[in-house]
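Visitor: In the working numbering, the protein residues as written are 162 to 640.
Take a look at the following structure, please.
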């Protein structure tokens with residue numbers, strides 16, 4: 162009887178996380194890469210996320226903050242004593258949590274490969290890595306991403322990069338027997354950038370042909386930020402490099418602008434990890450937002466994925482994670498998060514569409530209203546009420562560690578819901594309430610601090626204004 166009960170409970174658990182009773186096959190190297198632009202995390206943030214990795218069976222943390230000068234711009238310079246001491250403390254935290262601390266350097270802005278300058282830069286790189294080895298680091302990465310000029314060109318030499326990395330790997334492994342193989346990110350680090358037509362570009366071809374086969378290559382998918390990776394696409398990149406590549410996944414990172422004025426970190430990526438391969442891969446790292454606490458929503462769903470890609474169900478994982486992280490506030494938090502999942506600009510697209518039920522209700526209402534047929538206002542009115550109520554509750558009750566990261570977005574969602582109601586009432590009355598345009602201007606003015614629900618709540622406002630503006634223009638022409 163006890164055996165039957167245990168099998169029954171295991172089966173229920175497997176079904177709950179969207180899987181089956183089949184044995185889970187985790188991705189060997191899985192974790193978080195602090196690789197975003199903007200203010201780096203603090204020591205406490207990093208210690209917290211490392212502990213979070215342990216709790217969610219993620220086994221790796223990559224230190225690669227773009228705006229740490231000693232990681233990128235001043236990579237040749239040693240870390241000052243105080244910063245090195247903090248780094249050692251963080252390495253110790255990782256060891257205590259059984260999480261691999263992977264130290265990364267990004268030297269590509271000005272690295273010399275040849276002659277005496279090349280030898281000197283190699284020496285300085287080894288000095289940098291040796292200092293990290295002395296404080297307990299055993300995993301290293303060298304990244305060559307984001308080296309293009311304003312016209313989208315780069316002047317990197319794939320063979321020279323490969324020879325440099327091979328030389329670093331050889332040096333480390335000859336002196337230290339406990340160092341893991343290097344990890345690298347190419348300059349052409351997404352699939353479409355590796356090709357010209359149907360042929361490999363010279364850089365990628367030279368890098369792939371000359372790189373030590375033990376070095377792990379990371380790439381980001383078809384684009385820098387893209388709408389998923391298929392098994393077939395992953396296999397194509399594996400074939401290019403002659404090894405199993407790993408994935409640097411740019412979600413929930415939000416360090417790229419979503420508006421023409423170039424503001425970063427204004428929209429939160431609060432959805433689930435989705436549309437990733439089920440085929441075997443060697444590594445995956447999720448690039449988070451600067452908002453460490455709210456990054457945990459997507460990262461935790463990523464952990465469920467990374468621990469068994471074949472059985473992953475993003476909807477079930479998202480509900481599970483929200484319940485675990487927000488308890489009684491989970492249903493309310495889900496309403497907010499639904500309006501802040503999708504990230505898209507001219508070159509980036511990732512995450513589920515925002516507030517699909519809201520968008521569907523708005524579309525149906527406007528379609529019926531335009532046909533002069535019976536219009537049921539109730540479904541959209543319910544969604545507007547639900548959205549406003551969620552914003553109000555979270556502004557009052559969300560714990561400070563979360564509220565400090567999303568207050569502008571919650572206030573913006575409240576503005577949008579208020580304007581949505583005025584737009585709805587305008588449709589009921591058959592004429593535009595002049596106050597709606599004032600509310601829309603307030604929303605626009607606050608988009609430097611917060612963007613949310615662009616294609617759902619905000620779009621409904623714009624659609625209603627456009628309908629009445631077009632109607633007014635038509636009436637003027639008739640006169």
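For glycine and all other residues, C-beta sits at the position ideal for the given N, C-alpha and C.
Is any heavy atom of the ligand ADP found at a distance shorter than 8 Å from the C-beta of residue 557?
Guide: Absence of the ligand ADP from the depicted structure is noted, as is the absence of any ligand whatsoever, leaving it without description.
Visitor: To the nearest angstrom, how far is it from the Cα of residue 465 to the Cα of residue 447?
Guide: 12 Å
Visitor: Are the stretch 390-406 and the stretch 352-370 touching by the rule of at least three beta carbon pairs closer than 8 Å?
Guide: By the Cβ test, the stretch 390-406 is in contact with the stretch 352-370, since at least three Cβ pairs between them sit closer than 8 Å.
Visitor: In whole angstroms, what separates the C-alpha of residue 362 from that of residue 380?
Guide: 16 Å
Visitor: So if DSSP puts residue 377 in a beta bridge, which residue, or which two residues, is it bridged to?
Guide: Its beta-bridge partners are 344.
Visitor: My understanding is that residue 601 touches residue 626, with C-beta atoms under 8 Å, so please give their C-beta distance in whole angstroms.
Guide: 7 Å
Visitor: DSSP state of residue 501, grouped into three classes?
Guide: coil
Visitor: Considering only the alpha carbon of each residue, which of 297, 316, 611 lies closest to residue 341?
Guide: 297
Visitor: Grab me the residues of residue 633's own chain with a C-beta within less than 7 Å of its C-beta, minus the 5 sequence neighbours each way, in chain order.
Guide: none
Visitor: Give the single residue among 467, 237, 240, 599 whose Cα lies nearest to the Cα of residue 623.
Guide: 599
Visitor: Within the continuous beta strand (DSSP E) that includes residue 300, where are the two ends?
Guide: 300-304
Visitor: Report buried or exposed for residue 270, applying the criterion of at least 16 other Cβ atoms within 10 angstroms of its Cβ.
Guide: So residue 270 ends up on the exposed side.
Visitor: Assuming residue 597 and residue 584 form a contact by the criterion Cβ under 8 Å, report the distance between their Cβ atoms to the nearest whole angstrom.
Guide: 6 Å
Visitor: Taking residue 611 as the reference, which of 423, 233, 322 has the closest Cα?
Guide: 423
Visitor: For residue 580, which of helix, strand or coil comes out of DSSP?
Guide: helix
Visitor: Taking its Cβ as the centre, do 16 or more other Cβ atoms sit within 10 Å of residue 519, making it buried, or is it exposed?
Guide: Around the beta carbon of residue 519, a 10 Å sphere encloses 16 or more other beta carbons of the protein chains shown; the residue is thus reported as buried.
Visitor: Since residue 534 sits in a beta bridge, which residues does DSSP pair it with?
Guide: Answer by DSSP bridge pairing: none, since residue 534 is not bridged.
Visitor: Between 218, 631, 227, which lies nearest to residue 416 when the distance is taken from Cα to Cα?
Guide: It is 227 whose Cα lies nearest to the Cα of residue 416.
Visitor: Contact between the stretch 559-568 and the stretch 517-534 is defined here as three or more beta-carbon pairs at a separation below 8 Å; is this criterion met?
Guide: no
Visitor: How many angstroms separate the CA atom of residue 621 from the CA atom of residue 529?
Guide: 14 Å
Visitor: Counting C-beta neighbours from all protein chains within 10 Å, is the total for residue 548 16 or more, i.e. buried, or is it exposed?
Guide: buried
Visitor: Per DSSP, which residues does residue 261 bridge with? Please list them.
Guide: 221
Visitor: Quick one: complete alpha helix (DSSP H) runs, 4+ long, within the stretch 269-333?
Guide: 276-295
Visitor: What is the rounded straight-line gap between the Cα of residue 382 and the Cα of residue 576?
Guide: 36 Å
Visitor: Exposed or buried, which one is residue 432 when buried takes at least 16 other CB atoms within 10 Å?
Guide: buried
Visitor: With distances taken Cα to Cα, identify the nearest neighbour of residue 451 among 193, 254, 344.
Guide: When C-alpha distances from residue 451 are compared across 193, 254, 344, the shortest belongs to 193.
Visitor: Just verifying my parser: in three-state terms, what is the DSSP assignment at residue 410?
Guide: strand
Visitor: Using the Cβ count rule (16 or more neighbours within 10 Å means buried), how would you classify residue 502?
Guide: Counting Cβ neighbours within 10 Å, residue 502 comes out buried, since at least 16 surround it.
Visitor: So the candidates are 532, 268, 201; which of them puts its Cα closest to the Cα of residue 233?
Guide: The shortest Cα separation from residue 233 among 532, 268, 201 belongs to 268.
Visitor: Can you tell me which residues form a DSSP beta bridge with residue 445?
Guide: 191, 408
Visitor: Would you decide whether residue 261 is buried or exposed? Buried here means 16 or more other CB atoms lie within 10 Å of its CB.
Guide: buried
Visitor: In chain order, what are the residue ranges of uninterrupted alpha helix (DSSP H) at least 4 long that sit wholly in the stretch 225-258?
Guide: 242-257
Visitor: Which of the three DSSP states is assigned to residue 634 in this structure?
Guide: Three-state result, residue 634: helix.
Visitor: Specify the secondary structure class of residue 428 as computed by DSSP and reduced to three states.
Guide: coil
Visitor: With distance defined between alpha-carbon atoms, name the residue in 427, 460, 471, 287 nearest to residue 570.
Guide: Per the Cα distances, 427.
Visitor: From which residue to which residue does the alpha helix (DSSP H) around residue 422 run?
Guide: Element bounds for residue 422: n/a, residue is neither H nor E.
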